[in-house]
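Peer 1: In UniProt numbering, the protein residues as written are 1 to 104.
Don't be surprised by glycine CBs; every beta carbon is placed ideally from N, CA and C.
Everything numeric in this text was worked out from a predicted model, so none of it was measured.
Take this structure first; my questions come after.
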């Protein structure tokens with residue numbers, strides 16, 4: 001079964017067994033289970049259901065495989081001939097999840 005979910009401000013088309021990298025779920029550790037209730041559509045073929053905007057009673061269960069930090073992104077600002085430059089770095093907090101079950 002396939003589904004379109006919305007989690008952490010992003011939309012993903014998923015099926016059972018998929019592995020996703022999303023923004024970190026707060027207060028979770030590796031091995032925890034997360035329920036995603038923002039299911040936008042689910043099913044395949046004649047059993048396809050489309051929510052307006054969400055499907056009522058549908059949920060996707062995912063397991064957190066690991067919490068990690070993404071690659072470093074450098075933000076560099078400069079104004080030429082003014083002697084102004086500023087450099088900042090940022091690493092995004094990420095969760096790697098595996099989709100276990102889809103129920104709609």
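Which two residues bound the contiguous beta strand (DSSP E) that contains residue 30?
Peer 2: Residue numbering aside, residue 30 sits at position 30 when the chain shown is read from its first letter. Premise fails: residue 30 is in no beta strand (DSSP E) and is neither H nor E.
Peer 1: Tell me which residue opens and which closes the beta strand (DSSP E) that residue 40 is part of.
Peer 2: Here the question's residue 40 lines up with position 40 in the chain shown. It spans 39-42 - the beta strand (DSSP E) in which residue 40 sits, taken as one unbroken run.
Peer 1: How long is the line joining the alpha carbons of residue 72 and residue 94, rounded to whole angstroms?
Peer 2: The residue you call residue 72 lines up with position 72 of the chain shown. The residue you call residue 94 lines up with position 94 of the chain shown. Distance between the alpha carbons of residue 72 and residue 94: 12 Å.
Peer 1: For residue 66 versus residue 96, is the C-beta distance shorter than 8 Å?
Peer 2: Translated into the one-based positions of the chain shown, residue 66 becomes position 66. Translated into the one-based positions of the chain shown, residue 96 becomes position 96. Yes, Cβ-Cβ distance for residue 66 and residue 96 is below 8 Å.
Peer 1: Which same chain residues end up closer than 8 Å to residue 41 when comparing Cβ atoms and leaving out the 5 residues on each side of it in sequence?
Peer 2: For this step, residue 41 is matched to residue 41 along the chain shown. Excluding residues within five positions, the ones whose Cβ falls inside 8 Å are 3, 4, 48, 49, 50, 51, 55.
Peer 1: Can you give me the start and stop residues for the beta strand (DSSP E) that residue 89 sits inside?
Peer 2: Stepping through the chain shown from its first residue, residue 89 is reached at position 89. Here the beta strand (DSSP E) through residue 89 covers 84-90.
Peer 1: Are there 16 or more other CB atoms within 10 angstroms of the CB of residue 30, so buried, or fewer, so exposed?
Peer 2: Within the chain shown, the letter at position 30 stands for residue 30. Answer is exposed; the Cβ neighbour count stays below 16.
Peer 1: Would you say residue 61 and residue 100 are within 8 Å of each other, going by their C-beta atoms?
Peer 2: Sequence index remark: in the chain shown, residue 61 carries index 61 (1-based). Sequence index remark: in the chain shown, residue 100 carries index 100 (1-based). Contact: yes.
Peer 1: State the beta-bridge partners of residue 35 as determined by DSSP.
Peer 2: For the purposes of this step, residue 35 is identified with residue 35 of the chain shown, where counting begins at 1. Answer by DSSP bridge pairing, in chain order: 61.
Peer 1: Over what stretch of residues does the beta strand (DSSP E) that includes residue 11 continue unbroken?
Peer 2: Along the chain shown, one-based indexing puts residue 11 at 11. Note, residue 11: beta strand (DSSP E), 10-15.
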